[in-house]
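Below is one structure; the comments refer to it alone.
Protein chains: 2
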Amino acid sequence: MPLSTVDRSVLEPVIRRLSALRPLSTEARASLEYAMLEGLQRVGSGEDLISEGDPVDSVRVVLSGWLCRYKTLEDGRRQIVNFIFPGESCDAHAFLLPVMDHSIATVTPVIYSEIKRARFESLLAGERSLAEAFWCETLVNIAIQREWAINLGRRVAVERVAHLFCETFERLRAVGMVDGNSCVMPVTQMDLADATGLSIVHLNRTLQELRAAGLIILRERMLTIPDLDALKNAALYSPSYLQLYRRAEATR
Amino acid sequence: MPLSTVDRSVLEPVIRRLSALRPLSTEARASLEYAMLEGLQRVGSGEDLISEGDPVDSVRVVLSGWLCRYKTLEDGRRQIVNFIFPGESCDAHAFLLPVMDHSIATVTPVIYSEIKRARFESLLAGERSLAEAFWCETLVNIAIQREWAINLGRRVAVERVAHLFCETFERLRAVGMVDGNSCVMPVTQMDLADATGLSIVHLNRTLQELRAAGLIILRERMLTIPDLDALKNAALYSPSYLQLYRRAEATR
DNA sequence: CGTAGGGTTGATTCTTGTCAAACTCTGTGG
DNA sequence: CCACAGAGTTTGACAAGAATCAACCCTACG
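Just so you know, the sequences run in chain order A and B. Using the UniProt record's numbering, the first residue of the first sequence is number 1, and each one after it goes up by one. Using the UniProt record's numbering, the first residue of the second sequence is number 1, and each one after it goes up by one.
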């Protein structure tokens with residue numbers, strides 16, 4: 001176990017995120033931390049953690065790195081339907097359904113903690129606040145998924161990409177992973193194209209448009225947003241669907 | 001209470017749908033039916049049941065009629081992010097979040113049952129199978145939402161509309177509301193356009209294309225699908241995300 | 001030095017949106 | 001009974017947005 005001696009601070013994003021959704025008692029936090037430390041795992045980038053059609057029997061909680069949920073069509077067209085950031089979980093409760101309806105892949109190297117279904121269920125049974133926090137996470141996921149629907153269905157390319165950047169920045173900020181007005185953006189343009197429903201060529205041109213307008217600086221896998229309000233404006237961004245993250249800031 | 005003497009058979013779609021997700025004990029079924037009969041409501045078509053930003057304090061279960069969830073942008077662009085069919089609930093558990101991130105409107109006259117939060121929670125606390133069934137419904141909703149993301153992001157117009165028809169038909173079939181290869185389609189072309197992310201003019205032409213190909217017959221608010229497999233083929237439809245409905249058929 | 005992955009560019013085609021008008025159907029009031 | 005209004009659907013002409021194809025560049029890396 002190369003990770004057995006890891007610093008407990010790697011768990012911070014998870015605690016931070018769940019606390020933003022529901023206040024956690026000291027005991028709840030302790031028992032979750034204990035469970036997480038037991039199941040630490042590492043995986044490289046570009047790997048499928050789980051594929052469409054697979055049954056699920058555990059919960060994975062992301063400690064560092066990015067993942068994406070995606071679906072594909074027979075002919076290879078791919079849509080990233082969401083990203084998964086540190087502090088978030090892959091499919092808490094997914095084991096309630098027989099099999100996965102989508103796949104999850106790493107986009108960077110990832111450290112996560114795997115908690116077996118039985119362990120997870122007894123954890124939640126013992127701590128109501130934990131159970132509610134994980135369910136809230138799932139509810140926020142639906143809200144994000146709905147926002148992606150209007151993003152893909154009704155925003156034009158520039159708005160779409162701008163919106164993705166706004167959302168990503170705010171979600172990362174909620175778990176303390178932004179630095180001033182910059183954050184990492186460790187994805188290829190192909191990934192961005194698949195997340196925004198654009199072709200890679202058109203995505204590239206859209207990025208240039210955003211750069212030319214001074215709305216973003218994107219190089220070497222770092223995103224800087226000189227004026228977040230201006231970018232939100234260009235994106236027609238309204239963050240109510242991430243309300244919980246804002247509550248997190250309020251209580252911090 | 002014009003509905004107080006209503007036939008209990010109006011509750012059938014709900015029982016049918018929840019049973020498909022989790023086997024319900026006789027007692028679970030009885031207590032749910034009792035709670036539903038208490039809160040029956042009627043509402044006309046084209047009404048907002050609840051709007052983005054509103055707090056939620058009850059669960060509504062649809063007995064008859066169609067609703068849609070939608071979001072809008074400042075400039076009026078609208079995206080229907082999902083339909084809600086008989087047997088389904090509006091936001092079980094939505095009260096766990098502070099406010100709604102989207103709106104829900106009726107697209108036809110609707111009969112539903114409203115269950116107050118406290119009542120609903122005690123119902124679920126008393127019947128584990130009910131709690132699991134409602135949570136499964138929420139999980140299936142996320143799966144549907146993800147499928148809508150790839151629909152909007154990666155399918156072209158004809159595939160998109162065909163996919164919507166396939167999904168609608170199968171979801172209605174799961175609650176016993178199709179007749180042979182026909183079902184109601186009580187929506188305007190504007191609604192279909194908003195659901196598929198197309199302009200109304202282009203949607204109209206896409207419908208004509210589907211009609212010309214013999215894939216659908218759509219008139220007087222009735223949809224007939226002469227050859228469902230052919231339509232699925234045109235839609236690149238893969239129903240795994242609705243797996244639970246299929247399980248429903250298997251156990252019927 | 002060669003290669004592969006990622007990024008960028010130009011030219012072109014195709015898909016979809018926009019605008020404007022007409023048509024159908026239904027219900028309503030004169 | 002007819003005129004009219006309004007919502008919904010359909011059509012044509014045109015414009016804009018996005019995809020596709022084919023190169024080419026750059027850099028990291030073996």
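Even for Gly, the Cβ is constructed at its ideal location relative to N, Cα and C. For clarity, every value in this text was computed on a predicted model and none was experimentally measured.
Considering just the uninterrupted stretch of the beta strand (DSSP E) at B:Glu114, what are its terminal residues?
110 to 116
Spatial neighbours of A:Asp54 in its chain, beta-carbon cut-off 8 Å, leaving aside the 5 residues before and after
Val99, Met100
Kindly say whether A:Cys68, judged by its beta-carbon, lies nearer than 8 Å to any beta-carbon of chain B.
no
Between the stretch 5 to 21 of chain B and the stretch 65 to 74 of chain B, do at least 3 Cβ pairs fall closer than 8 Å?
no
Quick one: is B:Lys232 near chain A, going by C-beta distance under 8 Å?
no
Kindly indicate which three-state DSSP category B:Tyr34 falls into: helix, strand or coil?
helix
Would A:Glu38 and A:Val62 qualify as a contact pair, given that the criterion is a beta-carbon distance under 8 Å?
no
In chain order, what are the residue ranges of uninterrupted alpha helix (DSSP H) at least 4 long that sit wholly in the UniProt domain "HTH crp-type" (155 to 229) of chain B?
157 to 174, 189 to 196, 200 to 212
Taking its Cβ as the centre, do 16 or more other Cβ atoms sit within 10 Å of B:Gln79, making it buried, or is it exposed?
buried
Does the beta carbon of A:Cys90 sit closer than 8 Å to a beta carbon anywhere in chain B?
no
Euclidean distance between Cα positions of A:Gln208 and A:Leu192:
13 Å
Who does A:Asn82 pair with in a DSSP beta bridge?
A:Arg69
In this structure, how does DSSP classify A:Ser122 when only helix, strand and coil are distinguished?
helix
Count the other CB atoms, across all protein chains shown, that sit within 10 Å of the CB of B:Ala250; report buried if there are 16 or more and exposed otherwise.
Here the model assigns B:Ala250 a pLDDT of 40, short of 50, so the residue's position is not dependable and the matter cannot be decided.
Residues that A:Val187 contacts on chain B, provided the C-beta gap is smaller than 9 Å
Those do not exist, as A:Val187 stays about 16 Å from chain B at its closest Cβ, beyond 9 Å.
Residues that DSSP places opposite A:Ala105 in a beta bridge:
A:Asp48, A:Cys68
Alpha carbons only, please: which of A:Val184, A:Arg154, A:Glu159 is nearest the one belonging to A:Val107?
A:Val184
Could you pull the start and end residues of the beta strand (DSSP E) that A:Leu40 belongs to?
40 to 43
Chain B within 8 Å of A:Asp48, Cβ atoms only:
no
Contact list for the stretch 125 to 147 of chain A against chain B, Cβ threshold 8 Å:
Glu132, Trp135, Cys136, Thr138, Leu139, Val140, Asn141, Ile142, Ala143, Gln145, Arg146, Glu147
Residues in the same chain with beta-carbon distance under 6 Å from B:Arg160, minus the five sequence neighbours each way, listed in chain order, please.
Asn151, Thr196
Using the DSSP secondary-structure output, state which residues sit across from B:Arg60 in a beta bridge.
B:Cys90, B:Glu114
If you compare alpha carbons, which of A:Ala213, A:Pro86, A:Ser238, A:Leu228 is closest to A:Met177?
A:Pro86
Quick check: the stretch 219 to 230 of chain B against the stretch 154 to 174 of chain B, are at least 3 beta-carbon pairs closer than 8 Å?
yes
Report back the beta-carbon spacing between A:Arg155 and B:Arg154 to the nearest angstrom; my notes put them in contact at under 8 Å.
With a Cβ gap of about 16 Å, A:Arg155 and B:Arg154 do not count as contacting.
Quick one: what's got a C-beta closer than 6 Å to A:Arg72's C-beta in the same chain, skipping five residues either side?
Reading the sequence as shown, one finds Thr at residue 72 of chain A and not Arg. Arg78, listed in sequence order.
At 7 Å on the CB atoms, spell out the chain A contacts of B:Val81, in chain order.
Arg146, Ala149, Ile150
C-alpha distance - A:Val175 paired with A:Leu218, whole-angstrom precision
21 Å
Quick one: residues in its chain with C-beta nearer than 8 Å to the C-beta of A:Glu33, no 5 flanking neighbours on either side, listed in chain order?
Arg8, Leu11, Ile15
Which residues bound the alpha helix (DSSP H) around B:Pro13?
12 to 21
Please state whether DSSP places A:Val140 in a helix, a strand or coil.
helix
Buried or exposed: which applies to B:Asp229, given that a residue is buried once 16 or more other Cβ atoms fall within 10 Å of its Cβ?
exposed
Would you say the beta carbon of A:Ile142 comes nearer than 7 Å to a heavy atom of the ligand NAP?
Inclusion of the ligand NAP in the displayed structure is not the case, the ligand content being empty and no account of it being possible.
Reference B:Leu236; option with closest CA among A:Glu74, A:Leu203, A:Ser58:
A:Glu74
Inter-residue Cα distance where the pair is A:Asp179 and A:Ile111:
21 Å
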